[in-house]
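Input: a single structure, listed below in structure tokens.
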Amino acid sequence: MNKLAGSERVVVDNTAGTTRDPVDEFIELGGRTWRFVDTAGIRRRQHMAQGADFYASLRTQSALEKAEVAVVLLAVDEVLSEQDVRILQLAIESGRALVLAFNKWDLLDDERRTYLEREIEQDLAHVAWAPRVNISALTGWHKDKLVPALDTALESWDKRIPTGRLNAFLGELVAAHPHPVRGGKQPRILFGTQASSRPPKFVLFTTGFLDPGYRRFITRRLRETFGFEGTPIEVNMRVREKRGKKR
36 MNKLAGSERV VVDNTAGTTR DPVDEFIELG GRTWRFVDTA GIRRRQHMAQ GADFYASLRT
96 QSALEKAEVA VVLLAVDEVL SEQDVRILQL AIESGRALVL AFNKWDLLDD ERRTYLEREI
156 EQDLAHVAWA PRVNISALTG WHKDKLVPAL DTALESWDKR IPTGRLNAFL GELVAAHPHP
216 VRGGKQPRIL FGTQASSRPP KFVLFTTGFL DPGYRRFITR RLRETFGFEG TPIEVNMRVR
276 EKRGKKR
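Okay, so the sequence shown: first residue is 36 according to our numbering, each after it adds one.
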């Protein structure tokens, strides 16, 4: 926050979680004014937190709910912590667009960067859809790359797929990869629609429940086909029961 603002607005030291309260700041970046909220680090699980930690956790959640995009700052000189995982999960559960910023990347040599790339692919596979920016919060190195990542995430977060295009996609997908038969039955997707955006939420009307694995497959193909880089997406079902025959 200090480097983005160009002045010392936030008190920090080398201890993770130093910032205790969210700090609002309007910052000029990429020719536009952005409102950044520097939130408190979450050092303990909420049900275990006490005093300042507990209220800092609540305020961080509140800030996320009001935000459009979350920039999660991860230090590359430390292993991925439970705190990092919790903050990522909070951002996803809040339905915010997401950008991953890897701090202190400029301090790594080429060999360590190559090794770390593999670690990131493995440890953060569940958010592989989030754009990444390698930066230095101390020197401001690569801070100019933050705005394109924010724009990409926000554009995806607000994206809508026309119903006709969505159902053409679903028709081709199901024809090539039908749902497995379970117990002699094979649920079918009748049609789908995008119910909302921010984040994108889809509803599939089906003849039966779709396996979790098949729903993940659909989600993955949605991303491959339509992008959605930087945003969580939801795929829900509505099972249409067969009407009984009239007597």
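For glycine and all other residues, C-beta sits at the position ideal for the given N, C-alpha and C.
R70 carries a strand assignment under DSSP once its states are collapsed to helix, strand and coil. Considering only Q157, H161, P183, the residue with the shortest C-alpha distance to N169 is P183. Judged by DSSP in its simplified three-state form, T174 adopts coil rather than helix or strand. By the beta-carbon neighbour count (other beta carbons within 10 angstroms, threshold 16), G227 is buried. Rounded to the nearest whole angstrom, the C-alpha separation of G199 and L133 is 28 Å. Taking C-beta atoms as the reference points, P267 and P234 count as a pair closer than 7 Å.
In this structure, DSSP gives T95 a helical state, which the three-state scheme calls helix. In the DSSP assignment, the residues bridged to K236 are S231, E269. Where V107 is concerned, the enclosing beta strand (DSSP E) starts and stops at 104 to 110. Spatial neighbours of K180 in its own chain (CB-CB distance under 6 Å, excluding positions within 5 residues in sequence) are listed in chain order as V168. DSSP, read as helix, strand or coil, puts F244 in coil. Under the three-pair Cβ rule at 8 Å, the segment 135 to 144 counts as touching the segment 107 to 116. C-alpha of Y150 to C-alpha of D141: approximately 15 Å in a straight line. Straight across, the Cα-Cα distance linking P215 with A160 is about 26 Å.
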